[in-house]
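> Got a structure for you, written out below as structure tokens; questions coming shortly.
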Amino acid sequence: MSLRTPMTALSVTLSLTVAVTMLTASCGGATTTTTAGAERTLQADADDFLEFYTASYLGLYNEMVRASWTASTDVTPEHTGLRTGADTVYGAFVGNGQIIRRSRDFLAHRDELNESTVRQLEMVLENAALAPQTNPELARRKVAADSAMSALLDGFQFCLAREGEGESATCTTPLTTNDIDRILAESDDLEERLRYWNASKEVGVALRPGLAELRDLRNAVAQEMGFDDFFAYRISNYGMTPDEMMALLDRLVEETKPLFDELSCWTRHRLAERFHHEGEVPERIPAHWIGNRWAQSWPGLVEGIDMDTLVEDKSPEWIVQQAERFYVSMGFPELPQAFWDGSDLYPVAEGDSRDKNDHASAWHVDLDQDVRSLMSVEANWRWFGTTHHELGHIYYYLSYANDDVPPLLREGANRAYHEAMGNLIELASGQAPYLEEVGLMAATDQPDQVQALLDRALTGPIVFMPFAVGTMSHFEKALYSDNLPEDQFQAKWWELVGRYQNVAPPGDRPEDGCDACSKTHIINDPGEYYDYALAEVLVYQFHDHICREILDQDPHACNYYGRPEVGEYLQGIMGAGATRDWREVLLEATGEELSAEPMLDYYRPLLEYLRAENGDRCN
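By my numbering, the letter at position 546 of the sequence shown is numbered 546, and the numbering carries on one by one without gaps.
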């Protein structure tokens with residue numbers, strides 16, 4: 001199979017290249033003359049081009065996603081080879097030089113085209129930018145470097161102790177990331193925590209040279225497509241420049257800073273008490289004190305909240321079915337039979353030798369009605385929220401799979417919108433009135449509101465925002481837009497961690513290291529970590545509007561269940577796909593521009609509590 005797949009990919013690629021060449025040759029200048037003597041407009045030529053492109057794109061996209069689905073649900077070398085072949089054919093088509101040049105020609109006259117056509121042509125170029133065949137050797141080197149770095153990261157052996165020195169040293173105490181996370185979550189021994197935390201960062205030494213090379217290749221590929229750099233390319237999905245995006249992110253940091261500062265003060269003192277720290281409480285939290293390798297979440301600090309008991313007597317099937325009932329109660333249709341036939345929802349059965357990817361994900365296989373979810377649902381609170389979240393993606397797919405949205409624009413208004421819809425319903429699924437209505441919680445069982453808000457803030461958006469929009473986004477801007485020198489990777493990372501997260505390294509960090517490289521997204525999902533933070537901001541804007549303006553309820557005790565007016569509101573946002581500017585969609589849906597104010601409003605009771613708890617101890 002590994003020998004036949006590349007040959008099949010090559011033959012299909014050649015056929016597509018011939019077809020593209022014939023198509024683009026037939027579309028001349030701004031106007032052409034038909035055999036009947038009538039002039040054709042540029043709009044008509046662009047429509048013909050997009051009709052051809054879309055037909056080919058849908059077929060190749062479908063094959064690529066199907067191959068990826070098979071490789072993810074039944075991991076074998078054969079299935080991996082099929083996925084590689086499908087990816088190769090898809091990439092050769094979307095990155096075809098003729099397609100890129102023709103799309104640019106049309107967009108040079110965008111004033112003669114309607115908005116839908118312009119958006120579709122921009123999507124054609126966005127698809128092409130991952131591996132443009134206008135410079136095949138550059139694209140090949142970039143793909144190879146991506147694969148090599150992913151393999152190095154995925155295959156790295158974390159180690160607590162070694163014998164010998166240098167490259168000849170052997171690992172005597174191998175670790176998994178689960179081992180590291182468990183110690184950081186549970187251990188009260190600071191020396192043990194430090195050893196495990198240090199072990200989690202060793203991968204950076206191996207990855208640093210490759211990241212510098214990969215940065216140069218990513219920038220070169222982006223510049224091949226007309227962008228200033230790779231960071232600018234990724235931000236273009238929002239219709240913004242890097243300066244505009246960074247100004248927005250900085251504003252969000254400033255808006256959330258008062259609550260974050262109080263939370264940081266409370267956390268420093270709580271952790272100092274936990275670890276019996278003598279002397280003054282550190283102004284910045286030592287990184288190994290925190291129960292997360294990157295301090296993007298500060299878990300385990302609030303006692304007495306155990307939501308698993310609410311669903312522990314339910315079956316995994318009930319968990320999924322209840323999530324569907326949530327959407328149906330709001331007026332969404334039942335999930336299509338294709339979802340139930342095609343999805344892989346539960347852990348691999350005992351005795352089944354099949355390996356599958358356990359990470360929850362939603363799949364839009366054909367950009368129409370073939371929607372699937374890959375999960376490993378169990379009867380616990382995490383999966384209760386996750387199933388509600390993942391079906392948010394599924395219903396987003398189904399909402400914009402309509403005749404008014406061209407297939408090329410069947411995605412979220414921007415990348416953050418999809419995550420926002422999933423997070424929004426996950427937030428709604430944890431509201432006490434909903435849990436009471438479906439019989440999971442008695443009115444007398446509700447957790448203390450302030451303690452629940454404290455736990456959510458520590459493990460959710462208030463701690464996460466400074467990491468996502470501060471540390472990660474500013475580091476990647478420095479990396480790609482400012483060409484940060486390799487020997488400054490380490491210092492820049494910790495400068496940002498201190499400034500935005502108020503966290504300090506536990507001692508000097510090795511100059512040849514790259515602690516930033518230990519974060520998967522720097523290597524495998526680059527230039528877009530701000531998506532997650534923007535999604536959190538959108539969640540609270542949508543939630544606040546739904547609760548106050550549609551349901552006339554308190555956002556802390558707001559029940560979407562059984563309210564079709566909420567479903568109608570959500571479908572109005574989701575059904576447009578990417579046919580409209582995301583800022584226009586937000587303004588129409590909420591009456592406001594993007595703002596963290598609704599999020600801060602949600603946590604205002606917590607802010608008052610923390611100010612009283614902290615007093616003047618952190619002035």
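Yeah, the Cβ is synthetic: ideal placement off N, Cα and C, and Gly gets one too.
Among 374, 59, 404, which one has its Cα closest to the Cα of residue 580?
Within the sequence shown, the letter at position 580 stands for residue 580. Nearest C-alpha to residue 580: 404.
> So, is residue 361 buried or exposed, given that buried needs 16 or more other C-beta atoms within 10 angstroms?
By one-based count along the sequence shown, residue 361 stands at place 361. By the neighbour-count rule (16 or more Cβ atoms within 10 Å), residue 361 is not buried but exposed.
> Tell me the DSSP secondary structure of residue 508 in three-state form.
Residue 508 sits at position 508 when you count from the first residue of the sequence shown. Correct three-state label for residue 508: coil.
> Quick one: what's got a C-beta closer than 7 Å to residue 564's C-beta in the same chain, skipping five residues either side?
To locate residue 564, count along the sequence shown from 1; it is residue 564. Contacts found: 330, 331.
> Under the rule that 16 or more other beta-carbon atoms within 10 Å means buried, what is residue 88, buried or exposed?
Position 88 of the sequence shown holds residue 88. Under this definition residue 88 is a buried residue.
> Since I believe residue 262 is in contact with residue 621 (beta carbons under 8 Å), could you give me their beta-carbon distance rounded to a whole number of angstroms?
Residue 621 cannot be examined here, being either before or after the span of the chain that is shown, 1 to 619.
> By DSSP, does residue 363 sit in helix, in strand, or in coil?
Within the sequence shown, residue 363 is the residue found at index 363, counting from 1. Of the three classes helix, strand and coil, the one that applies to residue 363 here is strand, per DSSP.
> Residue 333: which of 317, 367, 344, 392 sits nearest, CA to CA?
Reading the sequence shown from its first residue, position 333 is the one you call residue 333. Ranking 317, 367, 344, 392 by Cα distance to residue 333 puts 392 first.
> Determine the closest residue to residue 312 out of 328, 379, 583, 258, with distance taken between C-alpha atoms.
On the sequence shown, residue 312 is found 312 positions in, with the first residue counted as 1. If we check each option's Cα against that of residue 312, 379 comes out closest.
> On the three-state DSSP scale, how would you describe residue 429?
In the sequence shown, residue 429 corresponds to position 429, counting from 1. Helix at residue 429.
> Can you tell me where the alpha helix (DSSP H) with residue 103 in it begins and where it stops?
Here residue 103 refers to the residue found at position 103 of the sequence shown. Its alpha helix (DSSP H) spans residues 97-107.
> Below 8 Å CB to CB, which residues in the same chain sit around residue 476 once its five sequence neighbours on both sides are set aside?
Here residue 476 corresponds to residue number 476 of the sequence shown, with the count starting at 1. Excluding positions up to five away in sequence, the list reads 231, 522, 526, 527, 529.
> Buried or exposed: where does residue 568 fall if 16 or more other Cβ atoms within 10 Å of its Cβ makes it buried?
Position 568 of the sequence shown, counting from 1, holds the residue named residue 568. So residue 568 ends up on the exposed side.
> Based on Cα-Cα distance, which residue from 460, 474, 433 lies nearest to residue 447?
The count along the sequence shown starts at 1 and reaches residue 447 at position 447. With distances taken between Cα atoms, residue 447 lies closest to 433.
> Among 73, 532, 164, which has the Cα closest to the Cα of residue 356?
Counting from one through the sequence shown, the residue named residue 356 turns up at place 356. Nearest C-alpha to residue 356: 73.
> For residue 165, would you say it is in contact with chain D, using Cβ-to-Cβ distances shorter than 9 Å as the test?
Structure shown: chain D not included; a single protein chain is present.
> Which residue's Cα is closest to the Cα of residue 317: 485, 496, 375, 213?
On the sequence shown, position 317 is the one that residue 317 refers to. With distances taken between Cα atoms, residue 317 lies closest to 375.
> Might you give, ordered along the chain, the residues of its own chain that have their beta carbon closer than 8 Å to the beta carbon of residue 498, omitting 5 neighbours on each side?
Within the sequence shown, residue 498 is the residue found at index 498, counting from 1. Correct list, in chain order: 284, 504.
> By how many angstroms is the C-alpha of residue 114 removed from the C-alpha of residue 321?
Counting from 1 along the sequence shown, the entry for residue 321 is found at position 321. Counting from 1 along the sequence shown, the entry for residue 114 is found at position 114. One C-alpha to the other measures close to 42 Å.
> In angstroms with no decimal places, state the Cα-to-Cα distance between residue 33 and residue 44.
Sequence index remark: in the sequence shown, residue 33 carries index 33 (1-based). Sequence index remark: in the sequence shown, residue 44 carries index 44 (1-based). Confidence at residue 33 is low in this model, with a pLDDT of 45, below 50, so the placement of that residue should be treated as unreliable; the coordinate-derived value is given next. Rounded to whole angstroms, residue 33 to residue 44 spans 12 Å at the Cα level.
> Between the Cα of residue 225 and those of 308, 369, 126, 254, spot the shortest distance and give me the residue it belongs to.
Here residue 225 is taken as the residue at index 225 of the sequence shown, counted from 1. Looking at the Cα atoms, 126 is the closest of the given residues.
> Taking buried to mean at least 16 other C-beta atoms within 10 Å of its own C-beta, is residue 344 buried or exposed?
Counted from its first residue, the sequence shown places residue 344 at position 344. Counting Cβ neighbours within 10 Å, residue 344 comes out buried, since at least 16 surround it.
> Under 8 Å: do the segment 405-425 and the segment 257-271 share three or more Cβ pairs, one atom per stretch?
No: the two stretches stay apart, fewer than three of their Cβ pairs being nearer than 8 Å.
> For residue 161 and residue 196, I'd like the C-alpha separation in whole angstroms.
Here the question's residue 161 lines up with position 161 in the sequence shown. Here the question's residue 196 lines up with position 196 in the sequence shown. Computed Cα separation, rounded: 10 Å.
> Taking DSSP as the reference, what is the three-state secondary structure of residue 162?
Residue mapping note: residue 162 aligns to position 162 of the sequence shown, counting from 1. If DSSP states are grouped into helix, strand and coil, residue 162 belongs with the strands.
> Are residue 248 and residue 496 closer than 9 Å when you measure CB to CB?
Locating residue 248 in the sequence shown gives position 248, where the first residue counts as 1. Locating residue 496 in the sequence shown gives position 496, where the first residue counts as 1. In this structure, residue 496 does not lie closer than 9 Å to residue 248 by Cβ.
> By DSSP, does residue 371 sit in helix, in strand, or in coil?
Here residue 371 corresponds to residue number 371 of the sequence shown, with the count starting at 1. Strand, per DSSP.
> Per DSSP, residue 285 forms a beta bridge with which residues?
Taking the sequence shown and counting its residues from 1, one reaches residue 285 at position 285. In DSSP, residue 285 forms a bridge with 503.
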